[in-house]
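K.L.:
After the structure tokens below, expect a handful of questions from me.
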Amino acid sequence: MKIQFILLAGLTLCMQTLFAQNARFTTSGIIEFEKSINQHAAIKKMMSQVGDRMGGSFDDYKKSIPQFKVLKSTLSFSDNKTLFKPVAETDNGMDMFGSPGGEQANITYTDFATNTFTTEKIFFEETFLVKDSTRKINWKLTSEMRDIAGYECRRANAVILDSVYVVAFYTDKIPVSGGPESFCGLPGMILGVALPHDNITWFAKSVTDKPVTEIKPPTKGKPTDNKGLMETANKLMDRWGKRANGMMKLLML
10 MKIQFILLAG
20 LTLCMQTLFA
30 QNARFTTSGI
40 IEFEKSINQH
50 AAIKKMMSQV
60 GDRMGGSFDD
70 YKKSIPQFKV
80 LKSTLSFSDN
90 KTLFKPVAET
100 DNGMDMFGSP
110 GGEQANITYT
120 DFATNTFTTE
130 KIFFEETFLV
140 KDSTRKINWK
150 LTSEMRDIAG
160 YECRRANAVI
170 LDSVYVVAFY
180 TDKIPVSGGP
190 ESFCGLPGMI
200 LGVALPHDNI
210 TWFAKSVTDK
220 PVTEIKPPTK
230 GKPTDNKGLM
240 ETANKLMDRW
250 GKRANGMMKL
260 LML
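This is how it looks when you write it as structure tokens:
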């Protein structure tokens with residue numbers, strides 16, 4: 010019996026070693042993401058911010074639109090670089106009254122060798138070219154696992170921009186520390202992001218393992234950095250009151 014146990018343990022160890030040796034890591038490819046916005050929840054939040062004076066209008070508008078707005082995007086990655094860009098919409102749906110959270114217009118290039126990013130952002134019909142260092146996020150890893158697009162992913166939590174609670178799921182089978190928009194800093198590719206208090210999620214729908222020959226940063230827009238963008242946005246939204254705080258945080262994602 011003891012010999013059988015030793016043989017079984019040895020066989021198990023050999024199989025684990027074999028699987029580890031044959032484990033395939035994706036180092037170059039294209040990820041298709043879907044961003045989902047709970048429009049009804051977003052409208053409810055807007056109603057609480059503006060008070061009763063527009064309650065009826067918001068209620069009527071909510072009844073005329075679907076609960077969720079879905080936006081598609083792609084993330085190309087290779088050689089420790091990523092390029093996140095939107096796919097043209099076929100149905101604009103709700104415009105979220107100008108809120109950056111209701112759109113997906115950012116084109117974001119990240120170079121993890123230099124820890125820098127370049128983002129083309131459209132805000133109030135003006136295009137900005139933002140260049141800055143990648144955001145340092147204090148992620149807290151958990152034991153929760155979830156399958157996303159065929160990859161086993163681990164959950165991590167964080168708070169960014171002082172008060173935005175983020176839930177992310179990453180896989181170490183794609184050894185690039187990137188993700189959708191500007192989310193990064195985990196030991197593998199982020200395939201899922203949720204902002205529970207902002208009613209927004211990004212989840213990968215497919216990962217195509219293929220060579221990506223060219224990843225280049227965007228070049229259009231008024232040059233600035235994160236600080237300059239925030240100063241400009243503050244001036245544009247000076248009269249928006251409490252709602253400006255939420256819009257500012259969504260703009261800076």
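Numbered per my numbering, the sequence shown spans residues 10 to 262. Ideal Cβ positions, reconstructed from N, Cα and C, are used throughout, including at glycine. Quantities reported herein were computed from a predicted structural model and do not represent experimental measurements.
Closest by CA to G230, which one among I52, E129, K182, K258?
P.N.:
In the sequence shown, residue 230 corresponds to position 221, counting from 1. Closest option to G230, Cα to Cα, is E129.
K.L.:
Starting from N124, follow the alpha helix (DSSP H) in both directions and report where the run begins and ends.
P.N.:
Here residue 124 refers to the residue found at position 115 of the sequence shown. Taken as a continuous stretch (DSSP letters only), N124 belongs to no alpha helix (DSSP H), as it is neither H nor E.
K.L.:
Which value, in whole angstroms, describes the spacing of the CA atoms of M198 and P75?
P.N.:
As a working note, residue 198 is residue 189 in the sequence shown. As a working note, residue 75 is residue 66 in the sequence shown. Each residue's alpha carbon lies about 31 Å from the other.
K.L.:
Where in the segment 186–260 do unbroken runs of the beta strand (DSSP E), each at least 3 residues long, occur, reported from the N-terminal end onward?
P.N.:
The qualifying runs are 198–204, 209–218, 231–233.
K.L.:
Measure the beta-carbon distance from R144 to F178 and round it to whole angstroms, keeping in mind my assumption that it falls under 8 Å.
P.N.:
Residue mapping note: residue 144 aligns to position 135 of the sequence shown, counting from 1. Residue mapping note: residue 178 aligns to position 169 of the sequence shown, counting from 1. With a contact defined as Cβ atoms closer than 8 Å, R144 and F178 miss out at about 18 Å.
K.L.:
Are the segment 220–234 and the segment 80–91 in contact at 8 Å, needing three or more beta carbon pairs?
P.N.:
The way I'd put it, the segment 220–234 does touch the segment 80–91; three or more beta-carbon pairs between them come closer than 8 Å.
K.L.:
Since I believe G187 is in contact with T91 (beta carbons under 8 Å), could you give me their beta-carbon distance rounded to a whole number of angstroms?
P.N.:
By 1-based counting over the sequence shown, the position of residue 91 is 82. By 1-based counting over the sequence shown, the position of residue 187 is 178. The pair is a contact, with the Cβ atoms about 4 Å apart (cut-off 8 Å).
K.L.:
Could you tell me the alpha carbon to alpha carbon distance between S215 and I146, rounded to whole angstroms?
P.N.:
If you number the sequence shown from 1, residue 215 lands on position 206. If you number the sequence shown from 1, residue 146 lands on position 137. If you take the alpha carbons of S215 and I146, they lie about 26 Å apart.
K.L.:
Figure out for me which residue from G201, F212, D207 has the closest Cα to the Cα of N173.
P.N.:
Here residue 173 is taken as the residue at index 164 of the sequence shown, counted from 1. Note that residue 173 is Val in the sequence shown, not Asn. When only C-alpha atoms are compared, the closest one is D207.
K.L.:
Report all residues from its chain with a CB closer than 8 Å to the CB of F34; omit the five preceding and five following residues, and keep chain order.
P.N.:
Taking the sequence shown and counting its residues from 1, one reaches residue 34 at position 25. So the qualifying residues of the chain are K182, I183, P184.
K.L.:
Using DSSP with H/G/I as helix, E/B as strand and the rest coil, what is K53?
P.N.:
What you label residue 53 is simply residue 44 of the sequence shown in a count that begins at 1. The answer is helix: DSSP assigns K53 an H, G or I state.
K.L.:
Using alpha carbons as the reference points, say which of E41, K81, L138 lies closest to Y118.
P.N.:
The count along the sequence shown starts at 1 and reaches residue 118 at position 109. Looking at the Cα atoms, L138 is the closest of the given residues.
K.L.:
In or out: N31 buried (at least 16 other Cβ within 10 Å) or exposed?
P.N.:
Taking the first residue of the sequence shown as 1, we reach residue 31 at position 22. Here the model assigns N31 a pLDDT of 40, short of 50, so the residue's position is not dependable, and the following value carries that caveat. Classification for N31: exposed.
K.L.:
Run through the DSSP bridge pairs and tell me what Y118 is partnered with.
P.N.:
Stepping through the sequence shown from its first residue, residue 118 is reached at position 109. According to DSSP, Y118 bridges with L92, T127.
K.L.:
Using the Cβ count rule (16 or more neighbours within 10 Å means buried), how would you classify A51?
P.N.:
Counted from its first residue, the sequence shown places residue 51 at position 42. It counts as buried.
K.L.:
Suppose you measure from the CA of C193 to the CA of I40; what does that come to, to the nearest Å?
P.N.:
Stepping through the sequence shown from its first residue, residue 193 is reached at position 184. Stepping through the sequence shown from its first residue, residue 40 is reached at position 31. Cα to Cα, C193 sits roughly 15 Å from I40.
K.L.:
Thinking C-beta only, is P227 closer than 8 Å to T2?
P.N.:
The shown model of the chain, from 10 to 262, leaves out residue 2, and the question about it has no answer.
K.L.:
Can you look up L262 in the DSSP assignment and give me helix, strand or coil?
P.N.:
Here residue 262 refers to the residue found at position 253 when the sequence shown is read from its first residue. Coil at L262, not helix or strand.
K.L.:
Report the partner residues of L84 according to the DSSP bridge assignment.
P.N.:
Start at 1 with the first residue of the sequence shown, and residue 84 comes out as number 75. According to DSSP, L84 shares a beta bridge with I40, F93.
K.L.:
Tell me the DSSP bridge mates of S142?
P.N.:
Residue 142 sits at position 133 when you count from the first residue of the sequence shown. According to DSSP, S142 bridges with T125.
K.L.:
Helix or strand or just coil, what does DSSP make of K72?
P.N.:
Residue numbering aside, residue 72 sits at position 63 when the sequence shown is read from its first letter. Here K72 sits in helix by DSSP.
K.L.:
Name the two residues that bound the continuous beta strand (DSSP E) containing K149.
P.N.:
Reading the sequence shown from its first residue, position 140 is the one you call residue 149. 149–157 is the span of the beta strand (DSSP E), which, as asked, contains K149.
K.L.:
Would K44 be called buried (16 or more neighbouring beta carbons within 10 Å of its own) or exposed?
P.N.:
In the sequence shown, counting from the first residue as 1, residue 44 sits at position 35. Classification for K44: buried.
K.L.:
Once you ignore the five residues that flank S148 on each side, which residues in its own chain have a CB closer than 8 Å to its CB?
P.N.:
As a position in the sequence shown, residue 148 is number 139, starting the count at 1. Looking at the sequence itself, residue 148 is Trp, so the reference to Ser does not match. So the list reads A165, N166, A167, A177, G194, L195, once near-sequence residues are dropped.
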